[in-house]
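Chains as they are written, first to last, in our numbering: chain A, 1 to 376; chain B, 1 to 376.
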């Protein structure tokens, strides 16, 4: 199993750390935020936009790409990189989460997940083997094991069954990866267990008994209170091997990234910066603003005068509001560029602070800037 | 009146010519195609995209910008250039065409055009004076006189009344421009007269009696047969002063650009390359293709292997089809980049051919490439 991770610095007062992931398509410094490129494009952006915003790795969705354009298409390009013109690393999820959240009539058996496409109702079976095979076709730098996600709240019994099937599927994923992948691209295991700390421990023990390149916490940010998510992460992250990257899936807000980095997480992905951008919600150091608000109508200032992104260097709030109100396509690109720049600068700032031994101060400043703004 | 135009070369066998327009925000070689930036953005593109595609001048729509975001907003930016981050020349239309085609309950009097906004139904009066004042607020490099457009077919009497009011409005535009513009930005007059050659002559005489920086033919490409448009242009273009730029408004297809350049036209604008791009219609030397067509599903080739645009250098038909079928925002940008590159390369090719004395050959090659493709 590739062992692509090295811890490069540690915070003295929290579990925060920096590290370096060495992947087939390049190296990635952690903590890292991975923009979500669901259908072979981070919505509204071209690859050059991502590079300019500082993205080093993006996420692709196996479920979506399997249905559209289909593996036979991506195979012609020897993988997702050439298909979408992105030459840096890609992590793909297993498809499990979308099977549970998007597909219709999903039925879980030991064999896998049978579901109907949300696009055309066609019937499909996603097994652990199939998920790995698809991800190998995509030529992901990091593949994820198929897991069973559960809703929140979940009964203890359902959470336990889900983590057990997740562990058995992980073994099948590992075997398929060994037999078919060439073993050069990394494979991560996923810890489940709902909000039950002892079940998270049980899942972590089962997964770490198998050797994976890295480990993820799945099933967080599914509707539970924020503090509960932090508590589960705080309990579960130390159960994962210190020398492997620790990835919290589908998380989160800027605060979540700061709090979970403090608890030892290395990797994040979330649709929030990109989706919110398309809804006119823009992130700044001093909190979020809604560009549709009429108070921006004649405002010649940028979204954030302290921001160095392409959007803030070249466009005013008045122009961005006009584009957004007119539903102009450029609005989505400019807003997305800004929000991703914000997220990627946030994790870059954390990396720098951890390296320099001032992460605690960084965290304090992060909250102070927001409080000062809300007092205004 | 600024006299910004110089003829730089002439075709020996047709009326085609090259020229140079010296405008406040830069120089523009003609024949030129002006991408349409209706609402302060050429749909789906950023200014850098336009520059990369070779755009030297773009068009803004006075009617649209007056309603959204409104002149008070653009005034804060001292004009449209800074508002939209475009530092090259801009031509604005007068608003007349949209008042007739988009607005509701339009009523023409000697005073001007009273209409209801297509957005919120609010009532407005667009007079010649008002149109010029708005265009001065936009700080256009080239302002257009308010004209009265008529539908096709039109009775002779209606065509005559429209050209007469257009001439009287042109005088009022000229007066307003002299009194309020600083007289540095150019003002063009518009020749009307429907499809009646003698009325076109009457309109041209009235307009050229006033001194404008350039002259446009309005009221073409409004539903008449193509050959009729060519005939009207062929008759009317020589009636305009040889030392002034001649602009055919709202035209046209690639063939129209070639045919009308041969008849002595210097400037064009049309939504066709941008709008068709958003509908998946892509232009190539060998004709147009529909990217949604299933025959592109697994095609690893670019739209046009001979095209040097960003889209063709980096993306396959299969990827573009996937983006288009998935309604991904990036589809609109990549398709628009390609189509504008095609149009801008076409006029650049004509300029080069005219300069080198081989325009007739260029025109022949243009048709040959299409015929060869359609025979396949």
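A virtual CB, placed ideally from N, CA and C, is assigned to each residue, including glycine.
Note that the coordinates shown come from a computational prediction; the quantities given were computed from them, not determined experimentally.
Does DSSP put residue 66 of chain B in a helix, a strand or coil?
Translated into the one-based positions of the second chain, residue 66 of chain B becomes position 66. In the three-state DSSP reduction, residue 66 of chain B falls in the helix class (H, G or I).
CB-CB under 6 angstroms to residue 340 of chain B, same chain, minus the five flanking residues each way: which ones, in chain order?
Translated into the one-based positions of the second chain, residue 340 of chain B becomes position 340. The residues are 35, 53, 273.
Quick check: the Cα distance between residue 173 of chain B and residue 132 of chain B, rounded to an integer number of angstroms?
Taking the first residue of the second chain as 1, we reach residue 173 of chain B at position 173. Taking the first residue of the second chain as 1, we reach residue 132 of chain B at position 132. Distance between the alpha carbons of residue 173 of chain B and residue 132 of chain B: 6 angstroms.
Coil, strand or helix - residue 151 of chain A by DSSP
Here residue 151 of chain A refers to the residue found at position 151 of the first chain. Correct three-state label for residue 151 of chain A: coil.
Selection of the region 312–323 of chain A by Cβ proximity to chain B, strictly under 9 angstroms
If the cut-off is 9 angstroms between Cβ atoms, the region 312–323 of chain A has 314, 315, 316, 318, 319, 321, 322, 323 near chain B.
Looking at residue 206 of chain A: is its Cβ nearer than 8 angstroms to the Cβ of residue 217 of chain A?
Locating residue 206 of chain A in the first chain gives position 206, where the first residue counts as 1. Locating residue 217 of chain A in the first chain gives position 217, where the first residue counts as 1. Not a contact, by the Cβ cut-off of 8 angstroms.
For residue 98 of chain B, count the other beta carbons within 10 Å of its own beta carbon; 16 or more makes it buried, fewer makes it exposed. Which is it?
Walking along the second chain from the start, residue 98 of chain B turns up at place 98. Within 10 angstroms of the beta-carbon of residue 98 of chain B lie 16 or more other beta-carbons, which makes it buried.
Classify residue 212 of chain A as helix, strand or coil using the three-state DSSP reduction.
Walking along the first chain from the start, residue 212 of chain A turns up at place 212. DSSP places residue 212 of chain A in coil when its eight states are reduced to three.
When Cβ atoms are compared, which residues of the region 56–87 of chain B fall closer than 8 angstroms to chain A?
Listed by position, the residues of the region 56–87 of chain B near chain A (Cβ gap below 8 angstroms) are 68, 69, 72, 73, 76, 77, 83, 84, 85.
Contact check, residue 285 of chain B vs residue 162 of chain B under 8 angstroms by CB: the rounded distance?
Counted from its first residue, the second chain places residue 285 of chain B at position 285. Counted from its first residue, the second chain places residue 162 of chain B at position 162. Cβ-Cβ separation between residue 285 of chain B and residue 162 of chain B: approximately 39 angstroms, too far for a contact (criterion under 8 angstroms).
Which residues of chain B have a Cβ atom closer than 9 angstroms to the Cβ of residue 329 of chain A, listed in chain order?
Position 329 of the first chain, counted from the first residue, corresponds to residue 329 of chain A. The answer, in chain order, is 41, 43, 44, 45, 278, 329, 332, 333, 336.
Among B:215, B:202, B:200, the one whose alpha carbon lies nearest that of residue 187 of chain B:
Looking up residue 187 of chain B in the second chain gives position 187. It is B:215 whose Cα lies nearest to the Cα of residue 187 of chain B.
So, with DSSP's three-state summary, where would you put residue 383 of chain B?
Residue 383 of chain B lies beyond the residue range present for chain B, which begins at 1 and ends at 376; the question has no answer from this structure.
Residue 130 of chain A - containing beta strand (DSSP E), residue span
The sequence position of residue 130 of chain A within the first chain is 130, counting from 1. Premise fails: residue 130 of chain A lies in the alpha helix (DSSP H), 128–138, not in any beta strand (DSSP E).
Rounded to a whole number of angstroms, what is the C-alpha to C-alpha distance between residue 115 of chain A and residue 220 of chain A?
Mapped onto the first chain, residue 115 of chain A falls at position 115. Mapped onto the first chain, residue 220 of chain A falls at position 220. In this structure, the alpha-carbon of residue 115 of chain A lies about 23 angstroms from that of residue 220 of chain A.
Looking at chain A, is there any beta carbon in it that lies within less than 8 angstroms of the beta carbon of residue 297 of chain B?
Here the question's residue 297 of chain B lines up with position 297 in the second chain. Using a Cβ-Cβ cut-off of 8 angstroms, residue 297 of chain B counts as an interface residue toward chain A, since at least one Cβ of chain A sits closer than that to its own.
Residues from the region 11–41 of chain A in contact with chain E, defined by Cβ distance under 8 angstroms
Annotation note: the requested chain E is absent from the structure, which comprises protein chains A and B.
Unbroken stretches of the alpha helix (DSSP H), 4 residues or longer, contained in the region 222–289 of chain A:
With a minimum length of 4 residues, the continuous alpha helix (DSSP H) runs that stay inside the region 222–289 of chain A are 226–236, 254–262, 272–278.
Identify which residue in A:26, A:151, A:31, A:24 has its Cα closest to the Cα of residue 16 of chain A.
Taking the first chain and counting its residues from 1, the one referred to as residue 16 of chain A is at position 16. Selection A:26, A:151, A:31, A:24 evaluated against residue 16 of chain A yields A:31 as nearest (Cα-Cα).
Between which two residues does the beta strand (DSSP E) holding residue 311 of chain B run?
Indexing the second chain from 1 puts residue 311 of chain B at position 311. Careful: residue 311 of chain B lies outside any beta strand (DSSP E), inside the alpha helix (DSSP H) at 310–314.
With DSSP as the reference, label residue 104 of chain B as helix, strand or coil.
Here residue 104 of chain B corresponds to residue number 104 of the second chain, with the count starting at 1. Look at residue 104 of chain B here: in three-state DSSP terms it is strand.
Strand pairing of residue 124 of chain B, partner residues [DSSP]
As a first step, residue 124 of chain B is located in the second chain; it is residue number 124 there, counting from the start. DSSP, once it has assigned bridges, lists B:115 as partnering residue 124 of chain B.
For residue 283 of chain B and residue 298 of chain B, what's the separation of their Cα atoms in angstroms?
Indexing the second chain from 1 puts residue 283 of chain B at position 283. Indexing the second chain from 1 puts residue 298 of chain B at position 298. Approximately 20 angstroms, taken between the alpha carbons.
List the whole-angstrom C-beta distance separating residue 350 of chain A from residue 261 of chain A, where the pair is believed to meet the contact cut-off of C-beta under 8 angstroms.
As a first step, residue 350 of chain A is located in the first chain; it is residue number 350 there, counting from the start. As a first step, residue 261 of chain A is located in the first chain; it is residue number 261 there, counting from the start. Confirmed, about 5 angstroms.
Taking the DSSP output, what are the residues bridged to residue 384 of chain B?
The shown model of chain B, from 1 to 376, leaves out residue 384 of chain B, and the question about it has no answer.
Cβ of residue 222 of chain B within 8 angstroms of Cβ of residue 152 of chain B?
Along the second chain, one-based indexing puts residue 222 of chain B at 222. Along the second chain, one-based indexing puts residue 152 of chain B at 152. Yes.
Those residues which DSSP pairs with residue 20 of chain B across a bridge:
Taking the second chain and counting its residues from 1, one reaches residue 20 of chain B at position 20. Residue 20 of chain B is bridged to B:6, B:29.
Checking 8 angstroms against the spacing of the C-beta atoms, do residue 150 of chain B and residue 158 of chain B come in under that value?
Position 150 of the second chain, counted from the first residue, corresponds to residue 150 of chain B. Position 158 of the second chain, counted from the first residue, corresponds to residue 158 of chain B. Their beta carbons are under 8 angstroms apart, which means residue 150 of chain B touches residue 158 of chain B by this criterion.
If the criterion is Cβ atoms closer than 8 angstroms, does the pair residue 62 of chain A and residue 106 of chain A meet it?
Stepping through the first chain from its first residue, residue 62 of chain A is reached at position 62. Stepping through the first chain from its first residue, residue 106 of chain A is reached at position 106. It is not a contact, given that the beta carbons lie outside the stated cut-off.
Is the beta carbon of residue 195 of chain B less than 8 angstroms from the beta carbon of residue 171 of chain B?
Position 195 of the second chain, counted from the first residue, corresponds to residue 195 of chain B. Position 171 of the second chain, counted from the first residue, corresponds to residue 171 of chain B. For the 8 angstroms CB-CB criterion, residue 195 of chain B and residue 171 of chain B do not form a contact.
The alpha helix (DSSP H) that contains residue 174 of chain A, what's its start and end?
Taking the first residue of the first chain as position 1, residue 174 of chain A is located at position 174. Run containing residue 174 of chain A: 156–180, per the alpha helix (DSSP H) assignment.
I'd like the span of the beta strand (DSSP E) that includes residue 298 of chain A, first residue to last.
For this step, residue 298 of chain A is matched to residue 298 along the first chain. From DSSP, residue 298 of chain A is part of no beta strand (DSSP E); its letter is neither H nor E.
Could you tell me whether the Cβ atoms of residue 26 of chain B and residue 89 of chain B are closer together than 8 angstroms?
Here residue 26 of chain B refers to the residue found at position 26 of the second chain. Here residue 89 of chain B refers to the residue found at position 89 of the second chain. In this structure, residue 89 of chain B lies closer than 8 angstroms to residue 26 of chain B by Cβ.
I'd like to know if residue 300 of chain A contacts chain B, where contact means its C-beta is closer than 8 angstroms to some C-beta of that chain.
Working through the first chain from its first residue, we reach residue 300 of chain A at position 300. Interface residue (Cβ-Cβ distance to chain B less than 8 angstroms): residue 300 of chain A is classified as such.
Per-residue burial, residue 49 of chain A [other beta carbons within 10 Å of its own, 16 or more giving buried]
Residue 49 of chain A sits at position 49 when you count from the first residue of the first chain. Label assigned to residue 49 of chain A: buried.
Alpha-carbon to alpha-carbon, residue 184 of chain A and residue 175 of chain A:
Stepping through the first chain from its first residue, residue 175 of chain A is reached at position 175. Stepping through the first chain from its first residue, residue 184 of chain A is reached at position 184. Using only the alpha carbons, I get a separation of about 14 angstroms.
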